[in-house]
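These notes concern the structure reproduced below.
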Amino acid sequence: MAGQYPRLVEADRGYTISYKDRLLYSSRSPRKRPETIVRSLTLRLHTLVIIPSPLLCYGIDLLLSDLPDDCHLLCVEIDEQLMRITLDNLPDFAKSSKVSLLRADTPEKIIEFLENIGFQRFRRVVPVPLSGGYGLYKKEYDRIFEKVDLFIRQYWQNRMTLIHLGRLWIRNILSNLARFSNDLDRQLISTSKPVVVAGAGESLEGSLSIIQNVREGIFLLAVDTALPTLKLSDLYPDAVIALEGQIANSYDFMDHKNIDFNLICDLTSHPSTLAATPCKKHFMLSYFSDNKFLQRLGKHELLPTVFEPLGSVGVAAVEIALKL
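With the numbering used here, the residue at position 307 of the sequence shown is 324, and numbering never jumps.
Set out below in structure tokens:
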């Protein structure tokens, strides 16, 4: 039973920790390996360094001595008993403003913490395991690294998208409000039938015969890029979703003017797409930025149904289907 509780063990040059029938540092020179790992690092600017299971904080003093001002060390501990060991033996340098110590067992808790301290200053995430505590929960820590890294990368990808497309979306909103204000239906269509979403992936062609067999009993909701494929099989959707702000999207609607369907379109959609479809339009808006322009439109009741930006028309189609 003793092995189930962590305890300090005196080593040749310092202390190691015995836990779950293993030593979490070397019994000869517990500082050597973590300090060797730190000396091999080359950190770039704006880096969030995640240190799993910091334990006795070996190597962290070296990291701090050469850490750029815009980097930060986030020490994460999953195991509550190991966290107690760390807190009981916390060195003064680990109390630096450049270091955060957090007990968390899910990526969501860490992301919530980062949102509170301002994750926007970080451009990348670098995991630096310095103890054997990482090996005890390798799967869980790796999941944390993956999710936090994805969170940071998606934030910056979205920022770059706003830089490149933000002005276009604003122009499209102004144009669509001016040209199609009479069609500004703030209520999405509704149906009592089961909704089938037709995306434009590889599975669509294999599903066409199934859709044909149940067509009369379903509400067929298609993304814009699926429209040509559906038409080739004489399948005509009840509603089509258009979100794209660039003119290339209008080509999906060529030669479909005689098809009677509802168009669920983002207010940022390219005006040529809307002009190419004389059918009934139901506007929605992917709320891409909480800027003053959109706030003013909302204040004057000029915004349609608002959705969180979901990254792709297929995912948005599923979200819209849940509201029909």
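Glycine included, each C-beta is placed from N, C-alpha and C at the ideal position. If you're wondering where the values come from, they're calculated on a predicted model, not measured in any experiment.
Annotated three-state conformation of Ile95 is coil, per DSSP.
Where Ser117 is concerned, there is no enclosing alpha helix (DSSP H), although the beta strand (DSSP E) around it starts and stops at 116-120. For Phe236, same chain residues with a beta-carbon under 6 Å away, outside a window of 5 residues either side, are Thr208, Lys210, Val212, Asp255 in chain order. In the structure shown, Gly234 falls within a helical segment according to DSSP collapsed to helix, strand and coil.
Excluding its 5 nearest sequence neighbours in each direction, Pro47 has C-beta neighbours in its own chain below 8 Å: Ala28, Arg30, Gly31, Tyr32, Thr33, Leu73, Tyr75, listed in chain order. Straight-line measurement puts the Cα of Val335 at about 52 Å from the Cα of Asp109. Taking the Cα positions, Leu247 is about 24 Å away from Pro288. Judged by their CB atoms, Tyr154 and Ile67 are not nearer to each other than the 7 Å cut-off. Boundaries of the beta strand (DSSP E) around Val66: 64-69. Secondary structure at Val143: strand, using DSSP grouped into helix, strand and coil.
DSSP, reduced to helix, strand and coil, places Glu318 outside both helices and strands of the structure shown, so it counts as coil. In this model, Lys316 and Thr290 are separated by some 27 Å (Cα to Cα).
If you look at Ala259, you'll find it in the beta strand (DSSP E) that goes 256-259.
When only Cα atoms are considered, Glu97 and Gly149 end up about 15 Å apart. Classified as buried, Met100 has 16 or more neighbouring CB atoms from the shown chains inside 10 Å of its CB. Beta bridge pairing from DSSP links Tyr32 with Glu27. Following the DSSP letters along the chain, one finds Ser192 inside the alpha helix (DSSP H) bounded by residues 155-196.
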